[in-house]
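For the sequence shown, the UniProt record's numbering gives the first residue as 1, with consecutive numbering after it.
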Amino acid sequence: MIWSIAPEQASTQAEAFDRIFAMMTGFSLFVVALVGALIFVFSLLFRAKRGTPRRSVKALQNRQIEVFWTAVTAFFAIFFFWYTSTASLDAIEAPAGAMEYHVEAKQWMWKTRHPSGARELNAMHVPVGRPVTVFLNSQDVIHSFYVPAFRIKQDVVPGRTSTVWFEATKPGTYRLFCAEFCGTDHAKMTGRVVAMAPGDYARWLETRAEGETLAATGARLFVSAGCAGCHEEGSDVHAPSLAGLFGREIPLADGRQVTADADYLRDSILLPGRDIAAGYEPIMPNFSGMLEDGEVEALVAYIRTLSEEEASR
Ligand code: CUA
C-alpha cells in the first residue's frame, strides 16, 4: 500500500489501479515542484534591478529547447495513454466462466441475486478467487456501484444493463457505496461485499433459501405475460423465434443490422415499434408500464439462456 489513506487492496485489479494512481500523482507532484521551483529561482535571478531599462531584455528564442520539451511532453502523454488504457481494457472484459450476479439498484438500496437464485439486500456474499461479473440495473435514477477495496466503480443507468467484474483476493467484509447522487438518502445507500473462502461460501449458500434464478423467473414470466403466445414454436402468429437469438446479428426491416444484446432485447420489449426485425410485421404490443421493476431483466436473462442451450447442443 502506498498511502495509509487508501483502502486495502482486495481484488486482482487493485494493484494495477493503485500503480497508475501513484504514477500519475507522483508525476503531477514532480511537475508542480519543478515549475514552482523554477518560478522562485528565476524570479530571484532575473528580477528587474533598479535602473535596468526593461525594453532592453531580449526574449529567449531557442529552437532546440522548444523541440526538446515538446517531444518530452508528447512522449509522456503517449506513454500515460498507453499504460492506463492497456490496464483498464483488461478490467472491462470478465474472464470466461465468471459467476454471474444480478444487482438491482433503487432508491435507496441494492438488491442482489446470486447465480443460485439466492437473494440478499444491501449485501453480496462472494467466494474468494473466483471472477464475478455483476450485471447492474437501476429501477429509477442513476446510481453507481462502488467498492473501494476492489477499485471498481460503475454507473448504474436506468434503461440499460451495465456490467462490472472483480475477483476478490482475500476474505473480508468490504464496503459498498453508491457513488452517484441519487436523492435524499443517497448517503445511506450503502452495503457490504463479503468475500469468503470457497468452502465457507458454499456452506453459507446452503443456509440461504433456494431462490428462483433470474432466468427461471423470466421463463415463468415468458408464459404469464403472454410472450409465449406469439414467440413459442408452433404459434399461429408470425413472430420471430427467440431460440439462439441472443448475441446474433439481426437484419432489420429498414436495412440496418443490430446485435441482439441485452439493450436491444429490452428496447424490443419496451419500444417494440422501433427496431422491427426484417420479414416481420410491427404487431408486437408495447409492454412498457405492464412489466414490473426487474421483470424486463428476468425476461432478458431467460432469452439469453435460450441461446446458451442452442450453443451447447
Ligand atoms: Cu444511489 Cu446514490
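C-beta: ideal position from N, C-alpha, C; glycine also.
All of these numbers come straight from a predicted model, not from anything done at the bench.
Assigned exposure category for Ala187 - 16 Cβ within 10 Å defines buried: The residue labelled residue 187 in the question sits at position 187 within the sequence shown. With fewer than 16 other Cβ atoms within 10 Å, it is exposed.
Counting along the chain, where does the alpha helix (DSSP H) carrying Arg266 start and finish? Within the sequence shown, the letter at position 266 stands for residue 266. Note, Arg266: alpha helix (DSSP H), Ala262 to Leu270.
Beta-carbon proximity of Gly191 to Asn122, cut-off 8 Å: Mapped onto the sequence shown, residue 191 falls at position 191. Mapped onto the sequence shown, residue 122 falls at position 122. Annotated as proximal: Gly191 and Asn122, with beta-carbon spacing under 8 Å.
Neighbourhood of Ile2 by C-beta, 7 Å cutoff - its chain only, sequence neighbours within 5 removed: Translated into positions along the sequence shown, residue 2 becomes position 2. With a pLDDT of only 48 at Ile2, under 50, the local geometry of the prediction cannot be trusted, and the value read off the model is given with reservation. Within the same chain, Ile2 has close Cβ partners Asp18 and Ala22.
With a threshold of 8 Å between beta carbons, is Val132 in contact with chain C? This model lacks chain C altogether; it includes just one protein chain.
Count the other C-beta atoms from every protein chain shown that fall within 10 angstroms of the C-beta of Ser288, then say buried if there are 16 or more, exposed otherwise. In the sequence shown, the residue the question calls residue 288 occupies position 288. With fewer than 16 Cβ atoms within 10 Å of its Cβ, Ser288 is classed as exposed.
Please list the terminal residues of the continuous alpha helix (DSSP H) segment that includes Thr217. As a working note, residue 217 is residue 217 in the sequence shown. Looking at the DSSP string, the run of the alpha helix (DSSP H) that includes Thr217 is Leu214 to Ser224.
Heavy atom of the ligand CUA less than 7 Å from the Cβ of Phe30, yes or no? Along the sequence shown, read from residue 1 onward, the residue named residue 30 stands at position 30. No, the beta carbon of Phe30 sits no closer than 7 Å to any heavy atom of the ligand CUA.
Is it right to say Tyr280 is buried, meaning 16 or more other beta carbons lie within 10 angstroms of its own, or is it exposed? Residue 280 sits at position 280 when you count from the first residue of the sequence shown. Exposed, since its Cβ has fewer than 16 Cβ neighbours within 10 Å.
As assigned by DSSP and simplified to three states, the class of Ile2: As a position in the sequence shown, residue 2 is number 2, starting the count at 1. For Ile2, the pLDDT reaches just 48, beneath the cut-off of 50, and the residue's location in the model is therefore unreliable, although a value from the coordinates is still provided. In this structure, Ile2 counts as coil in the three-state DSSP scheme.
For my contact list, Thr169 and Val128 are in at a C-beta cut-off of 8 Å; report their separation, rounded to the angstrom. Locating residue 169 in the sequence shown gives position 169, counting from the first residue. Locating residue 128 in the sequence shown gives position 128, counting from the first residue. Confirmed, about 7 Å.
Would you call the CB atoms of Tyr302 and Phe222 closer than 8 Å? Taking the first residue of the sequence shown as position 1, residue 302 is located at position 302. Taking the first residue of the sequence shown as position 1, residue 222 is located at position 222. Yes. Within cutoff.
DSSP puts His143 in a beta bridge; with which residues? Locating residue 143 in the sequence shown gives position 143, counting from the first residue. Note: His143 sits in a beta bridge opposite Val156.
Please report the distance separating the alpha-carbon of Thr213 from that of Ala91. Your numbering for residue 213 matches position 213 in the sequence shown. Your numbering for residue 91 matches position 91 in the sequence shown. Rounded to the nearest angstrom, the two C-alpha atoms are 26 Å apart.
Using only the heavy atoms of the ligand CUA, determine whether one of them is closer than 7 Å to the beta carbon of Cys182. To locate residue 182, count along the sequence shown from 1; it is residue 182. Yes - the ligand CUA has a heavy atom lying nearer than 7 Å to the Cβ of Cys182.
Helix, strand or coil: how does DSSP classify Leu245 here? The residue given as residue 245 occupies position 245 in the sequence shown. Here Leu245 sits in coil by DSSP.
Would you report the Cα separation of Asp155 and Ser138, rounded to the nearest angstrom? Taking the first residue of the sequence shown as position 1, residue 155 is located at position 155. Taking the first residue of the sequence shown as position 1, residue 138 is located at position 138. So the alpha carbons of these two residues sit roughly 10 Å apart.
Expressed to the nearest angstrom, what Euclidean distance is found between the alpha-carbon atoms of Arg248 and Ala216? In the sequence shown, residue 248 corresponds to position 248, counting from 1. In the sequence shown, residue 216 corresponds to position 216, counting from 1. Separation of Arg248 and Ala216 (C-alpha to C-alpha, rounded to the nearest whole angstrom) is 22 Å.
Short check: CB of Phe135 to CB of Gln13, under 8 Å? Indexing the sequence shown from 1 puts residue 135 at position 135. Indexing the sequence shown from 1 puts residue 13 at position 13. The answer is no: Cβ separation not under 8 Å.
So if DSSP puts Gln257 in a beta bridge, which residue, or which two residues, is it bridged to? For the purposes of this step, residue 257 is taken as the residue at position 257 of the sequence shown. The partner list for Gln257 (beta bridge, DSSP) reads Pro251.
Can you name, in chain order, every residue of its own chain whose Cβ lies under 6 Å from the Cβ of Cys230, other than the five neighbours on each side? By one-based count along the sequence shown, residue 230 stands at place 230. Excluding sequence neighbours, Cys230 sits near Val237 and Ala239.
For the alpha helix (DSSP H) containing Pro198, name the first residue and the last one. Here residue 198 refers to the residue found at position 198 of the sequence shown. That run of the alpha helix (DSSP H) goes Pro198 to Thr207.
Between Ala123 and the ligand CUA, is the CB less than 7 Å from at least one heavy atom? By one-based count along the sequence shown, residue 123 stands at place 123. No, since every heavy atom of the ligand CUA falls outside the 7 Å radius drawn around the Cβ of Ala123.
On a Cα-Cα basis, can you pick out the residue from Gln257, Gln61 and Asp267 that is closest to Ala278? For the purposes of this step, residue 278 is taken as residue 278 along the sequence shown, with counting starting at 1. The closest CA to that of Ala278, considering only Gln257, Gln61 and Asp267, is found on Gln257.
Within 10 Å of its beta-carbon, does Arg304 have 16 or more other beta-carbons around it, so buried, or fewer, so exposed? The residue you call residue 304 lines up with position 304 of the sequence shown. With 16 or more other Cβ atoms within 10 Å, it is buried.
Leaving out the 5 sequence neighbours to the left and right, which residues in its chain are closer than 7 Å to Leu265 when beta-carbon positions are compared? Translated into the one-based positions of the sequence shown, residue 265 becomes position 265. In its chain, beyond the 5 residues on either side, Val300 and Ile303 have a beta carbon closer than 7 Å to the beta carbon of Leu265.
Does the separation of the CB atoms of Ala10 and Ala149 fall below 8 Å? Numbered from its first residue, the sequence shown carries residue 10 at position 10. Numbered from its first residue, the sequence shown carries residue 149 at position 149. Inclusion of Ala10 and Ala149 in the CB contact set at 8 Å is warranted, their separation being smaller than that value.
When you compare only the Cα positions, how much space is there between Pro282 and Leu271? Reading the sequence shown from its first residue, position 282 is the one you call residue 282. Reading the sequence shown from its first residue, position 271 is the one you call residue 271. Those two C-alpha atoms are separated by around 11 Å.
On a CA-only basis, which of Phe40, Phe46, Ala179 and Leu89 is nearest Gln107? Give me that one, please. By 1-based counting over the sequence shown, the position of residue 107 is 107. When only C-alpha atoms are compared, the closest one is Ala179.
Measuring straight from C-alpha to C-alpha, what distance separates Phe80 and Glu93? Here residue 80 refers to the residue found at position 80 of the sequence shown. Here residue 93 refers to the residue found at position 93 of the sequence shown. If you take the alpha carbons of Phe80 and Glu93, they lie about 21 Å apart.
Whole angstroms are fine: how far does the CA of Pro285 sit from the CA of Arg220? For this step, residue 220 is matched to residue 220 along the sequence shown. For this step, residue 285 is matched to residue 285 along the sequence shown. Answer to the nearest angstrom: the Cα atoms are 19 Å apart.
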